[in-house]
Each structure stands twice: as structure tokens, then as C-alpha cells.
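Okay, so here's the structure we're looking at.
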Amino acid sequence: MKQETELRNILKTALAKMMKTSRPSVDRLLDPKNSSITLLTLENVAAALGKKLKHQFALSINPSIIKL
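Take the position in the sequence shown, starting the count at 1, then add 7; the result is the number in the numbering used here.
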């Protein structure tokens with residue numbers, strides 16, 4: 008998100024307006040220490056920037072639980 012806004016020269020206040028939220032909310036979204044961002048919020052950011060969020064999950068298998 009930060010990279011896209013910098014690339015397009017979008018100010019935080021403009022992004023907040025595009026997302027119909029407050030500037031402090033955008034600050035929280037851009038805070039790398041903030042781990043409480045939801046997928047819905049990320050989808051809203053993507054939509055405001057004219058993008059789509061791609062969800063991808065990978066299954067990790069623990070070899071120690073596989074019985075041969």
C-alpha cells in the first residue's frame with residue numbers, strides 16, 4: 008500500500024478521503040507495527056487504489072506426522 012501510494016504520489020489525506028476514513032486510520036494502516044489489519048480493510052484499501060486483493064494460502068505439512 009505504501010509503495011503504491013508513493014508511486015502514484017497519493018497523500019495520506021487523499022487516501023483517507025478515497026477510503027472514506029480518517030487520516031489517523033491511514034496512519035495506523037501504514038504502521039508496520041500494526042498487526043490488527045483485517046482482510047476486509049486490505050480489500051477496502053485495494054479498491055480505493057483501483058486494485059484487487061489476491062488471497063493465497065499455502066498448506067504446510069509437518070513431515071514428522073506422516074506415517075509410511
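By construction, the Cβ of each residue, glycine as well, lies at the ideal position given by its N, Cα and C atoms. In this text the structure is predicted, and so the values were computed from the model without any measurement.
Length of the line joining the Cα atoms of residue i and residue j
{"i": "Asn41", "j": "Ala65", "result": "23 angstroms"}
{"i": "Leu18", "j": "Ser67", "result": "39 angstroms"}
{"i": "Arg15", "j": "Leu47", "result": "23 angstroms"}
{"i": "Lys59", "j": "Ala53", "result": "5 angstroms"}
Reference residue i; option with closest CA among the options
{"i": "His62", "options": "Thr45, Leu14, Leu22 and Gln10", "result": "Thr45"}
{"i": "Asn51", "options": "Pro70, Lys27, Arg35 and Ile68", "result": "Lys27"}
{"i": "Thr20", "options": "Pro31, Glu11 and Ser71", "result": "Pro31"}
Nonlocal neighbours in the same chain, by C-beta distance under 7 angstroms from residue i, ignoring five residues either side
{"i": "Lys24", "result": "none"}
{"i": "Ser71", "result": "none"}
Proximal residues to residue i (C-beta, below 6 angstroms), its chain only, five neighbours per side dropped
{"i": "Glu13", "result": "none"}
C-beta neighbour in chain D for residue i, strict 8 angstroms
{"i": "Ile68", "result": "The chain inventory of the structure shown lacks chain D, comprising one protein chain alone."}
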